[in-house]
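So the sequence shown is numbered by my numbering: it starts at 2 and just counts up by one. Just so you know, even glycine gets a beta-carbon here, dropped at the ideal spot from N, CA and C. A short write-up of the structure that comes next.
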Amino acid sequence: LDTISFDPLIDSSDISPAIWAELALIVKNNYHKYHGFVILHGTDTMSFSASALSFMLENLNKPVVFTGSQLPIGMLRTDGKENLISAIEIAAAYSNGKPLVPEVTIFFENQLFRGNRTTKHNAEHFNAFRSDNYPPLAQAGISIKYNFPYIHYPTPSQEFKVHTNLGCDVAILKLFPGISPATVDAILNQEGLKAVVLETYGAGNAISDDWFLKRIQKAVEKGIVILNVTQCKAGVVDMDKYENGLLLKKLGVLNGKDITFEAAIVKLMFLLGKNLSLEKTKELAQKSISGEITS
């Protein structure tokens, strides 16, 4: 059991793709020395970081467990001690020479989640994270009970690869009643923009006003990848369900299905960093490449 620390320590609000790359390289450089890895991380951006590493650590065959606390570890009622102890136990859990959970995960308040399925939903309670569209991978009580059918196990013949190039030419367009053309223009007309997470209503519905649809169409024609993600915390985008969603589909907006917002934004960064063709990027954006979408 060894520890590696950033100096100075990093507030999770200051997390960036460059730090994700550093974390990925730490795992890569120590991959054959340890059974697993535990990453202590602030809660504010933990879901972003766990999602990022789930894409960057391709064919991962060892546990990488994120955890942290709502109360600082030095406080009497901290939840950090139990979270840390359980995360270490999970990272070291093997059976017949194989890890029980060879994924990037988050352990928090007695539950282990797939990292790229999580969202921080509470700033005050100890159960800070949820995974609304995917079951917990394990639950800790007197013993730790693993939900094996939901855990991903890589193909043994596939080589472990680490990707550190991320494209940051992405933006978020969150719809709200009364959004103006000027606001949409400020986002879609950014210099060098390559991808957008479009946060829509319900099952993937958006404004049907002509001015809005024309701007979306123009962005798609310019080669900007637009991924439709629902503002709802649970559920799935289905652009065939309602007329307003179908309008987006006809314009070339992509279906994010049940991906979280956090996973969507870092997935687009990951795909842009691979310098793929536009068509390949669009294809992979709508497919599960690390368990982030329900197939």
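Contact holds between the stretch 45-64 and the stretch 106-121, because three or more Cβ pairs, one in each stretch, are under 8 Å apart.
Within its own chain, the residues whose Cβ lies closer than 8 Å to the Cβ of LEU176, once the five positions on either side in sequence are excluded, are LEU199, GLU200, THR201, TYR202, ALA207, ILE208, GLN232, listed in chain order. Nearest to ILE217 by C-alpha distance, out of ASN190, ILE20, PHE49, is ASN190. Under the DSSP assignment, PHE177 falls outside any alpha helix (DSSP H); it carries neither an H nor an E label. Listed in chain order, the non-local C-beta contacts of HIS36 below 8 Å within the same chain comprise LYS63, PRO64, ALA92, ALA93, TYR95, PRO100, local neighbours out to five positions each way being set aside. In the three-state scheme derived from DSSP, where H, G and I count as helix and E and B as strand, PRO100 is classed as strand. Residue environment: ILE227 is assigned as buried (16 or more neighbouring CB atoms within 10 Å of its CB, all protein chains considered).
Taking the Cβ atoms as the reference, GLY224 lies roughly 6 Å from LEU279, within the contact range of under 8 Å. Pairing ASP45 with LYS121 gives a Cβ-Cβ distance under 9 Å. At a Cβ-Cβ threshold of 9 Å, GLY274 and VAL230 do not count as neighbours. Buried is the label assigned to GLN71, since at least 16 other Cβ atoms lie within 10 Å of its Cβ.
Within the stretch 117-157, no run of alpha helix (DSSP H) at least 4 residues long lies entirely inside it. Closest in alpha carbon position to GLU192, among ALA172, PRO182, SER181, PRO178, is ALA172.
Inter-residue distance for ALA183 and PRO155 is about 46 Å (C-alpha atoms, whole angstroms). A residue is called buried once 16 or more other Cβ atoms fall within 10 Å of its Cβ, and LYS82, having fewer, is exposed.
If you check the CB distance, GLY43 and SER6 do not come in under 9 Å. Only residues of its own chain outside the window of five on either side were considered, and among them ALA204, ASN206 have a CB closer than 7 Å to the CB of TYR243, listed in chain order. Going by beta carbons, GLY292 and TYR147 fall outside the 9 Å limit. According to the DSSP assignment, GLU263 belongs to the alpha helix (DSSP H) that extends over 262-274.
One alpha carbon belongs to ASN111, the other to HIS126, and they sit about 13 Å apart. Going by DSSP, ALA286 is part of the alpha helix (DSSP H) stretching over 279-286.
Here ILE86 has no same chain residue with a Cβ atom under 6 Å from its own Cβ, once five neighbours each way along the sequence are excluded. Under the DSSP assignment, ILE11 falls outside any alpha helix (DSSP H); it carries neither an H nor an E label. Remark: C-beta atoms of LYS250 and ASP259 do not approach each other more closely than 9 Å. The continuous beta strand (DSSP E) containing ASN229 extends over residues 226-231. By the Cβ-count criterion, TRP21 is buried, with 16 or more other Cβ atoms from all chains shown falling within 10 Å of its own Cβ.
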